[in-house]
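A short worksheet on the structure shown next.
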Amino acid sequence: MVLLSTCNRVELYASTNDDSLGLDRDAVADFLAGQHHMSADEVIHHMIYRTGPEAVEHLFTVAASLDSMVLGEAQILSQVKQAYDLACNSGSAGPLTHAVFQAANRTAKRVQQETSIHRRRVSVPSVAVGEVVPEVFDSLHDKQIVVCGAGEMGEETLPYLIQGGATKITIINRSSQRAEDLASRFGAKTAPWESLTEKLIEADLLIGTTSAADPIVDRAMFDSIRSKRQGRVLLILDLAVPRDFDPGLGDFPNVYLYQIDDLKAACERNRREREKEYPKAQQIIADETERLILAVNHRSTGPVIRRLRENAAGIKQEELKRLTNKLEQLNVDASVIQEIDKSFDRLTNKLLHPPLSSVRDDAAEGHQRGLLEALRHLFNLGDE
């Protein structure tokens, strides 16, 4: 059993060899309701129950990030892996669960490698740092970066800066404690809000993520320090709503200003390109689902086929031994006995061929369970 819990979903995956067994929906609803101080009725009306291939396909779709709020977002696969690892460590994952979740990981990687769904950035910070910055700077390694604001947008932007090679990041925020908390997590420095003018002189990349009602830098403020910059290039990424920077800053020489509307347009273009890849990703998921179900079905036939062959081989050996004892008393040549042995093998294989072929054919279509039960009963093979 695996519990996957994210911001947007709570999913419980369980496997069983008995179709009559499964998750007790009422029990699950009671558990979730108790955890969140709700009534079970509130929970159960929002529950979706899937079984068999449909459940497998859903997991593959989730792992490949086709069921996420943002198509192709990168975090969900790691969350699926963490949920699976937790189940393994707690001893709640059996052989079938291992097979399904390992196949989910393989499927997600195929979608990543064979489509461009994960290659196009669709969040404002990722587009700003991943697509706009390289148009201006070859590298962020030696650039002075000033992030104005320590809220959600600032926090979301910092990892992309680190991934882009940034090493000189300063966070300024009206709440110094919030800035220090964020800086400690990302190895950045902090500076007082009052030092903004001074930081304008030093900055190569200026990022606005505050929630200020008015621009924090206007034309007059920048014009007052412009000469001290000595003509150095300044890239401004205004990710704030309302704007942090006066649109007129882009009129100054060597100042490149990108506002959130520009970045959102790029996000939307990339999102449309991702959606074009959706059918290709769906086909990969369908193929991998079929591949797994076929493998699981064939695997389920193994024990019955093995016991049937073992029983047949045992009967053949008993009868051959009895016949051999009689033939030896009649001084029959050993070569004749060897030929009889081969004949018994051929007879056994021919007798077993029709039922075993039927089992394999039914397994390919997922209908093997009834025939397996019949074989167990007819040949007294016992339970698995």
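Heads up, the sequence shown is in UniProt numbering, so the first residue is 1 and it goes up one at a time.
Ideal placement from N, C-alpha and C gives every residue a C-beta, glycine not left out.
In terms of residue numbering, what span does the beta strand (DSSP E) encompassing residue i cover?
{"i": "Ile172", "result": "168-172"}
{"i": "Gly208", "result": "205-208"}
{"i": "Thr190", "result": "189-191"}
{"i": "residue 385", "result": "Here the chain has residues from 1 to 384 only, and residue 385 is not among them."}
Am I right that residue i and residue j are in contact with their C-beta atoms under 8 Å? What's the rounded C-beta distance?
{"i": "residue 389", "j": "Pro125", "result": "Here the chain comprises residues numbered 1 to 384, so residue 389 is not present and cannot be evaluated."}
{"i": "Thr210", "j": "Ile216", "result": "6 Å"}
{"i": "Leu249", "j": "Val241", "result": "So it is not a contact: roughly 17 Å between Cβ atoms."}
{"i": "Val56", "j": "Ile76", "result": "Their Cβ separation, rounded to whole angstroms, is 17 Å, which puts Val56 and Ile76 out of contact at 8 Å."}
{"i": "Lys189", "j": "Thr170", "result": "5 Å"}
{"i": "Val359", "j": "Leu371", "result": "6 Å"}
{"i": "Ala83", "j": "Leu4", "result": "4 Å"}
{"i": "Arg299", "j": "Leu381", "result": "Arg299 to Leu381, Cβ: 17 Å. No contact."}
{"i": "Leu182", "j": "Leu158", "result": "7 Å"}
{"i": "Ala179", "j": "Ala150", "result": "5 Å"}
{"i": "Leu120", "j": "Arg229", "result": "Correcting the residue identity first, residue 120 is Arg in this sequence and not Leu. So it is not a contact: roughly 34 Å between Cβ atoms."}
{"i": "Ala64", "j": "Ala281", "result": "6 Å"}
{"i": "Leu375", "j": "Asp341", "result": "Incorrect: roughly 26 Å between the Cβ atoms, too far for contact."}
{"i": "Gly72", "j": "His118", "result": "5 Å"}
{"i": "Asp204", "j": "Arg232", "result": "7 Å"}
Among the options, which has the Cα closest to the Cα of residue i?
{"i": "Ala93", "options": "Val28, Val111, Leu12", "result": "Leu12"}
{"i": "Val80", "options": "Arg269, Leu59, Val122, Leu347", "result": "Leu59"}
{"i": "Ser227", "options": "Pro253, Leu237, Leu205, Met1", "result": "Pro253"}
{"i": "Phe379", "options": "Leu249, Ile225, Leu352", "result": "Leu352"}
{"i": "Asp246", "options": "Ile225, Arg232, Met221", "result": "Met221"}
{"i": "Glu310", "options": "Val127, Ala14, Ser358, Asn349", "result": "Asn349"}
{"i": "Val43", "options": "Pro53, Leu237, Leu182, Leu32", "result": "Leu32"}
{"i": "His45", "options": "Pro53, Thr51, Glu54, Val28", "result": "Val28"}
{"i": "Val122", "options": "Asp341, Glu156, Gly52", "result": "Glu156"}
{"i": "Ile48", "options": "Ile260, Asp223, Val10", "result": "Val10"}
{"i": "Ile162", "options": "Asn297, Thr6, His141, Arg174", "result": "His141"}
{"i": "Val146", "options": "Ile315, Asp24, Glu73, Glu202", "result": "Glu202"}
{"i": "Met153", "options": "Arg178, Leu239, Ala83", "result": "Leu239"}
{"i": "Arg272", "options": "Ser116, Arg174, Asp67, Pro95", "result": "Ser116"}
{"i": "residue 385", "options": "Arg178, Gly151, Asp138", "result": "Past the boundaries of the shown model lies residue 385; the chain is included only from 1 to 384, so the question cannot be answered."}
{"i": "Ala99", "options": "Met1, Ala312, Ile315, Leu308", "result": "Met1"}
{"i": "Leu234", "options": "Leu375, Ala150, Arg174, Gln144", "result": "Gln144"}
{"i": "Ser68", "options": "Gln102, Asp251, Thr6, Gly91", "result": "Thr6"}
{"i": "Cys148", "options": "Ala374, Thr197, Arg229, Pro279", "result": "Thr197"}
{"i": "Pro355", "options": "Ala312, Arg50, His37, Gln282", "result": "Ala312"}
{"i": "Gln317", "options": "Leu327, Glu339, Phe344, Ser175", "result": "Phe344"}
{"i": "Gly52", "options": "Glu114, Glu339, Val296, Leu66", "result": "Val296"}
{"i": "Pro95", "options": "Gly231, Ala14, Asn270, Glu328", "result": "Ala14"}
{"i": "Ala213", "options": "Arg243, Gly187, Gly91", "result": "Arg243"}
{"i": "Glu135", "options": "Leu327, Ser184, Glu268, Tyr258", "result": "Tyr258"}
{"i": "Gln113", "options": "Leu327, Val132, Arg232, Glu277", "result": "Glu277"}
{"i": "Leu237", "options": "Leu292, Val133, Ser175, Asn173", "result": "Val133"}
{"i": "Asn173", "options": "Thr301, Ser195, Gly187, Gln102", "result": "Ser195"}
{"i": "Val111", "options": "Pro279, Pro303, Asn270", "result": "Pro279"}
{"i": "Lys199", "options": "Ile225, Thr301, Asp85", "result": "Ile225"}
{"i": "Arg269", "options": "Gln283, Leu294, Asp361, Glu131", "result": "Glu131"}
Strictly by DSSP, which residues pair up with residue i?
{"i": "Val2", "result": "Tyr13"}
{"i": "Tyr258", "result": "Leu237"}
{"i": "residue 431", "result": "The question about residue 431 has no answer, for the chain in this structure spans 1 to 384."}
{"i": "Gln75", "result": "None, per the DSSP bridge assignment."}
{"i": "Val147", "result": "Ile171, Ile207"}
{"i": "Val217", "result": "Phe245"}
Tell me where the alpha helix (DSSP H) around residue i begins and ends.
{"i": "Gln112", "result": "95-114"}
{"i": "Ser176", "result": "176-186"}
{"i": "Leu92", "result": "The residue you asked about is not Leu; residue 92 is Ser in the sequence shown. Careful: Ser92 lies outside any alpha helix (DSSP H) and carries neither H nor E."}
{"i": "Ile117", "result": "Note, Ile117: premise wrong, no alpha helix (DSSP H); not H, not E."}
{"i": "Asp41", "result": "40-44"}
{"i": "Ala33", "result": "25-35"}
{"i": "Thr51", "result": "Counting along the chain, Thr51 falls outside any alpha helix (DSSP H), and DSSP gives it neither H nor E."}
{"i": "Leu158", "result": "152-163"}
{"i": "Glu135", "result": "133-136"}
{"i": "Leu200", "result": "196-202"}
{"i": "Ser65", "result": "Segment: none, Ser65 is in no alpha helix (DSSP H) and carries neither H nor E."}
{"i": "Val129", "result": "That residue, Val129, is in no alpha helix (DSSP H); it is neither H nor E in DSSP."}
With a threshold of 7 Å (Cβ to nearest heavy atom), would residue i be considered close to the ligand MN?
{"i": "Phe31", "result": "Among the components of this structure there are no ligands whatsoever, and the ligand MN is therefore not found."}
- Item | Three CB pairs or more closer than 8 Å across the stretch 259-266 and the stretch 322-338 | Not touching, per the Cβ criterion.
- Contact between the stretch 95-107 and the stretch 285-297 (3+ Cβ pairs under 8 Å): Contact holds: three or more Cβ-Cβ distances are below 8 Å.
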